[in-house]
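Below is one structure, written out as structure tokens, with a few remarks after it.
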Amino acid sequence: MTIQAVVFDIGNVLLEWNPERFYDARIGEVRRRALFTDVDLVGMNERIDLGAPFEATIRATAKAHPDWQAEIHLWHDEWLAMASPLIDHSVRLLRALRSKVIPVHALSNFGVDSFALARSTYDVLAEFDVTIISGDLKAQKPDPLIYETLEVASGQSGDALLFTDDRADNVRAAEARGWRTHLFDRPQGWADRLVAEGLLTPEEAA
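Counted the way the numbering used here counts, the sequence shown spans residues 127 to 332.
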């Protein structure tokens, strides 16, 4: 079947997401390692991605860890600095696809409030034909429900969809549904795949 739509993950595909790098710059690597050992920030963020309120969840986590309150508050207060920068080549690829009237969808683990903040800051996040965010659904990749929801919303399924994500488990879940997939490592690799699939020319994918 001809590819009918392209599905983008957001974090580390369109938008860099590296909290460790952010904290290394703010408090140093040694203190960052201690922070991430003492406080389950990854688990906190997963709860937000599953629909827990952004600010309240972070404030509650900070209250529960008084020795790290200031550092935990940064996850909310400077979140945009943490979720940056845009991956410019990926943005160009998305817009090149759209210029050829190829539907482009988003399928991302993202909190409701944090996605609203990102979308108000990064125009490209408002350019999808269908946007499925885990916080809205209260289910996150690689749960099959989130993939099924995109299929229903878009009216497309199986190998009509080409999906890219930077996590292998998320890619495998899409493959299990018959989607075509690309494990994102760098924008050029994704550009090469779009050219190989006949969706873009080398010039359009530059």
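Yeah, the Cβ is synthetic: ideal placement off N, Cα and C, and Gly gets one too.
Separation of residue 231 and residue 241 (C-alpha to C-alpha, rounded to the nearest whole angstrom) is 15 Å.
With fewer than three CB-CB distances shorter than 8 Å, the segment 173-190 does not count as touching the segment 129-149. Beta-carbon to beta-carbon, residue 268 and residue 299 are separated by about 4 Å, close enough to satisfy the 8 Å threshold. Nearest neighbour of residue 261 by Cα position, chosen from 255, 271 and 254, turns out to be 271.
DSSP lists no bridge partner for residue 202.
From the listed residues 218, 233, 228 and 238, the smallest Cα separation to residue 249 is found for 218.
The continuous alpha helix (DSSP H) containing residue 215 extends over residues 214-225.
Counting along the chain, the unbroken alpha helix (DSSP H) around residue 239 starts and ends at 238-247. One alpha carbon belongs to residue 288, the other to residue 235, and they sit about 18 Å apart.
Taking C-beta separations shorter than 8 Å and ignoring five residues to either side along the sequence, the partners of residue 314 in its chain run 215, following chain order.
Fully enclosed alpha helix (DSSP H) runs of no fewer than 4 residues occupy 260-263, 270-280 and 294-301 of the segment 259-318, in order along the chain. Contact between residue 198 and residue 183 is absent: CB atoms are separated by about 10 Å, not below the 8 Å threshold. Annotation: the continuous alpha helix (DSSP H) that includes residue 188 extends over 180-190. Annotation: residue 251 is outside any alpha helix (DSSP H) and is labelled neither H nor E by DSSP. A check of alpha carbon separations from residue 213 across 326, 192, 204 and 311 identifies 311 as the nearest. Here DSSP, grouped into helix, strand and coil, assigns residue 163 to helix. For residue 151, the enclosing alpha helix (DSSP H) stretches over residues 145-153. Exclusion of the five residues before and after residue 283 leaves 277 as the residues of its chain whose Cβ lies within less than 6 Å of its Cβ. Between the alpha carbons of residue 204 and residue 210 lies a gap of roughly 11 Å.
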